[in-house]
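What follows is a short report on a single structure.
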Amino acid sequence: MKILMIGNKESGKTTYMASSFGILENGQNGFYLKTDTSSNMWFKKVFETIKQGQYPELSDKRNNYQFELYHHQKKILDFEWIDYYGGVILESNVSKLTEDIGSADGIILFLDAISLLENNNSVHQFRRILGLITNKLTEIESGLFSVIVVITKADMVPNGSSLEQLYQPLSQFISSTDENKNIYARIVPVSCTNRGFYNVELPLLDMLDSGMKISYLTAIVEAKQYAETCMNYNKHRGILDWTVSRLSGVETNGELAEKYRRMAMEKIDLYESIEEPMERLSEYVKNYVIRLPWDSRKDAMLSTNTSGGRRLIEL
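Count the sequence shown with this note's numbering and you get residues 1 to 315, in order.
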């Protein structure tokens with residue numbers, strides 16, 4: 001699975017990434033992450049500084065990270081984070097970004113809450129990215145593509161502000177996702193400070209939930225295709241097939257049938273192994289109760305929209 005992480009400068013994207021890894025490395029509901037030693041050390045270091053009230057320097061390059069999602073000691077999904085630095089939105093040449101959007105399985109967008117409330121220049125720059133993504137969404141005819149909008153720095157939202165105010169600059173984009181049943185979209189406010197971490201694990205786990213469903217359905221389709229190919233080769237096996245094979249030096253239909261039988265069994269083993277974790281993760285993100293850091297007495301609830309995605313609404 002390929003996930004793009006895109007945000008403006010100072011949107012809090014790097015802080016979020018380190019916080020989500022720091023939390024999910026230790027596990028949530030039986031799910032946890034692993035990565036290579038170098039990335040592990042870097043994310044841990046940044047996470048510790050955040051817990052002490054300090055924040056990482058701004059990212060100035062496009063980084064790729066490889067991760068593995070586990071459920072109770074069993075690896076269930078490989079995925080890649082492509083972390084774009086904020087300045088890409090300001091550059092005239094965004095061809096690489098457009099290419100990555102076209103090949104991605106999902107996108108996590110970052111915009112800080114204050115910029116949204118003020119509807120400032122950062123939001124206008126952000127709309128360039130939304131335009132590129134909207135073009136991608138119009139090309140999707142089948143499958144499932146996820147877009148998670150992460151509203152960072154939710155702890156800085158002034159008292160009296162509402163979620164409707166936060167979402168207003170994103171209303172046009174939200175409407176465009178509602179029109180496509182193959183798009184899953186969600187907005188999640190998060191906060192990563194030394195006073196606490198709010199909703200940090202949800203955006204990534206929600207994205208990986210979609211990734212697991214794609215992996216599961218793909219394995220079922222491929223298992224069926226391999227099984228059908230196996231049966232077709234079995235229909236044409238026999239003495240003549242064996243003779244032609246030995247004279248020409250190619251595999252017999254029987255050997256090819258066995259080859260595709262093994263391939264089908266591998267796919268069956270795959271989708272059977274991830275079925276239970278997929279159901280558990282789907283249930284977890286579906287029932288996740290979002291806590292609003294600016295008012296601990298309020299919860300946000302999830303509603304279902306026409307596209308099959310879930311939206312955040314204020315009580």
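Every residue, glycine too, gets a C-beta built ideally from N, C-alpha and C. Fair warning: this is a prediction, and the values are worked out from it, not measured in the lab.
May I have a chain-ordered list of the alpha helix (DSSP H) segments no shorter than 4 residues that lie completely inside the stretch 42-83?
none
Own chain, CB closer than 7 angstroms to T252, minus 5 neighbours either side, in chain order
Residue 252 sits at position 252 when you count from the first residue of the sequence shown. For T252, where only same-chain residues beyond five positions count, the Cβ hits under 7 angstroms are R237, D241, W242, S245.
Measure the alpha-carbon distance for P169 versus E228 and round it to whole angstroms.
Counting from 1 along the sequence shown, the entry for residue 169 is found at position 169. Counting from 1 along the sequence shown, the entry for residue 228 is found at position 228. Cα to Cα, P169 sits roughly 50 angstroms from E228.
Report yes if the C-beta distance between F126 and N8 is below 7 angstroms; otherwise report no.
Here the question's residue 126 lines up with position 126 in the sequence shown. Here the question's residue 8 lines up with position 8 in the sequence shown. Their beta carbons are under 7 angstroms apart, which means F126 touches N8 by this criterion.
Sequence ranges, alpha helix (DSSP H) only - wholly within the stretch 156-217, length at least 4:
163-167, 171-178
Distance between beta carbons of A113 and T152, contact taken as under 8 angstroms
One-based indexing of the sequence shown puts residue 152 at position 152. One-based indexing of the sequence shown puts residue 113 at position 113. At roughly 7 angstroms, the Cβ-Cβ gap stays under 8 angstroms, so T152 and A113 are in contact.
Around the Cβ of R195, are there at least 16 other Cβ atoms within 10 angstroms (buried) or fewer (exposed)?
For the purposes of this step, residue 195 is taken as the residue at position 195 of the sequence shown. So R195 counts as exposed.
Could you please give me the residues that DSSP links to D112 through a beta bridge?
Locating residue 112 in the sequence shown gives position 112, counting from the first residue. Bridge partners of D112: T152.
Quick one: is R186 buried, meaning 16 or more other Cβ sit within 10 Å of its Cβ, or exposed?
Within the sequence shown, residue 186 is the residue found at index 186, counting from 1. The residue is buried, with at least 16 neighbouring Cβ atoms inside 10 Å.
Would you identify the three-state DSSP class for K9, choosing helix, strand or coil?
Residue numbering aside, residue 9 sits at position 9 when the sequence shown is read from its first letter. Three-state result, K9: coil.
Own chain partners of S248 with C-beta closer than 6 angstroms, once the 5 adjacent residues on each side are dropped
Here residue 248 corresponds to residue number 248 of the sequence shown, with the count starting at 1. Cβ within range, chain order: n/a, list empty.
Is A264 near A223, with beta carbons less than 7 angstroms apart?
Taking the sequence shown and counting its residues from 1, one reaches residue 264 at position 264. Taking the sequence shown and counting its residues from 1, one reaches residue 223 at position 223. It is a contact, given that the beta carbons lie within the stated cut-off.
Sequence-distant residues of its chain with Cβ nearer than 7 angstroms to D100 (five each side left out)
Here the question's residue 100 lines up with position 100 in the sequence shown. The answer, listed in chain order, is L4, I82.
Only counting the same chain, and skipping five residues up and downstream in sequence, which positions put a Cβ closer than 6 angstroms to that of S146?
Against the sequence shown, residue 146 aligns to sequence position 146. The answer, listed in chain order, is G106, Y184, M207, S210.
Can you tell me whether P277 is buried or exposed? The criterion is at least 16 other CB atoms within 10 Å of its CB, across all chains shown.
Counting from one through the sequence shown, the residue named residue 277 turns up at place 277. P277 is buried by the Cβ-count criterion.
For G12 and N199, the rounded distance between their alpha carbons
Locating residue 199 in the sequence shown gives position 199, counting from the first residue. Locating residue 12 in the sequence shown gives position 12, counting from the first residue. The alpha-carbon atoms of N199 and G12 are separated by roughly 14 angstroms.
Residue range of the unbroken beta strand (DSSP E) whose run includes T35:
In the sequence shown, counting from the first residue as 1, residue 35 sits at position 35. Segment 31-35, the beta strand (DSSP E) holding T35.
For R128, which of helix, strand or coil comes out of DSSP?
Within the sequence shown, numbered from 1, the residue matching residue 128 stands at position 128. Correct three-state label for R128: helix.
Tell me which residues share the same chain as L320 and place their Cβ nearer than 6 angstroms to its Cβ, disregarding the 5 neighbours each side in the sequence.
There is simply no residue 320 to check, as the chain begins at 1 and stops at 315 in what is shown.
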